[in-house]
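Enquirer: Chains as they are written, first to last, in our numbering: chain A, 5 to 82; chain B, 15 to 43.
(1) Between the region 64 to 78 of chain A and the region 34 to 49 of chain A, do at least 3 Cβ pairs fall closer than 8 Å?
(2) Assuming residue 31/B contacts residue 63/A under a Cβ cut-off of 8 Å, what Cβ separation, rounded to an integer in Å, is found between them?
(3) Could you run through the region 32 to 52 of chain A and flag, in chain order, every residue whose CB is less than 7 Å away from some CB of chain C?
(4) Just how far apart, CA to CA, sit residue 74/A and residue 37/A?
(5) What's the gap between the Cα of residue 66/A and the Cα of residue 33/A?
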């Protein structure tokens, strides 16, 4: 995957979570994904806490994209 | 370091999350 497509995917995924286009993802936005994704509310809570590196309760695109990069790195190793 | 351990445990959840987003995007079941 090229750098541009990673950036594109990051934006796409961010927008899938930030459906109101606020520019950040709140804990409530994350819980809404419960309907569309095969993850439990607890798992989504866990994902949110993992991505929210500064712990302020909001996920910015920066935090989201570093989580996505970490995921991609893990994929490469395994 | 307890934070490192927690991070490792959460890696699987994170992978699960992004994989689900990928499947949702591509329309795979």
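Built from N, CA and C at the ideal position, the CB exists for glycine as well.
Expert: Taking the geometry as given:
(1) no
(2) Against the second chain, residue 31/B aligns to sequence position 17. Against the first chain, residue 63/A aligns to sequence position 59. Between residue 63/A and residue 31/B the Cβ distance is about 12 Å, and since that is not below 8 Å, they are no contact.
(3) Absent here is chain C; the protein component of the structure consists of chains A and B.
(4) As a working note, residue 74/A is residue 70 in the first chain. As a working note, residue 37/A is residue 33 in the first chain. The alpha-carbon atoms of residue 74/A and residue 37/A are separated by roughly 21 Å.
(5) As a first step, residue 66/A must be located in the first chain, where it is residue number 62. As a first step, residue 33/A must be located in the first chain, where it is residue number 29. About 17 Å.
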